[in-house]
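**Q** Using the working numbering, the letters of the sequence shown map in sequence onto residues 903 to 1020. Even glycine gets a Cβ: it sits at the ideal position worked out from N, Cα and C. As the structure is a prediction and not an experimental result, all values here were calculated from the model. I'd like to ask some things about the structure below.
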Amino acid sequence: MQCSSAQWFVLAALASLQAISAIVLMAWAFPLFADPPLLANGVSHRAYELDQLLASTSAPSPVLKGMAEHYRWLFWRHMEGVEATLGAAVALLGSSAVTFAILLSQPRRADKRPSTGT
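In structure tokens form, the structure reads like this:
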């Protein structure tokens, strides 16, 4: 089966879009995944400080307990989002590779144009 020029172009555009999307997703998510201290200096560190404050207080405030719990929840939901984004990026990259493989395995034929007979 041969691809027309239009089909070949659509497949090439699709594969390129998938690859670019995967690269953008990885560029955003990988630094957050690979460098947990970046997050630990923010959300996780604040939750730890609140835990220390709660431990040193004889009558801990329910508001502080709730804040510490919310910080922990936020940290874990953020990490789940980062992991899901990395998974989607890997799937897009694989899909792009398969699309490129299909594209390269199909011989490209020139579109037939009617001759004018002149």
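Thinking just about the alpha-carbon of each residue, which of Ser907, Gln920 and Gly968 is nearest to the one in Ala993?
**A** Gln920
**Q** Using the Cα positions of Gln1008 and Arg948, report the straight-line distance between them to the nearest angstrom.
**A** 56 Å
**Q** With a floor of 4 residues, list each alpha helix (DSSP H) that falls wholly inside the segment 923-981, ordered by position along the chain.
**A** 938-941 and 947-958
**Q** Please return the same chain residues whose Cβ sits closer than 7 Å to the Cβ of Lys967, not counting the five positions on each side in sequence.
**A** Leu956
**Q** Identify which residue in Val912, Ala915, Ala929 and Glu971 has its Cα closest to the Cα of Ala991.
**A** A check of alpha carbon separations from Ala991 across Val912, Ala915, Ala929 and Glu971 identifies Ala929 as the nearest.
**Q** Alpha carbon to alpha carbon, what distance is there between Leu952 and Met969?
**A** 8 Å
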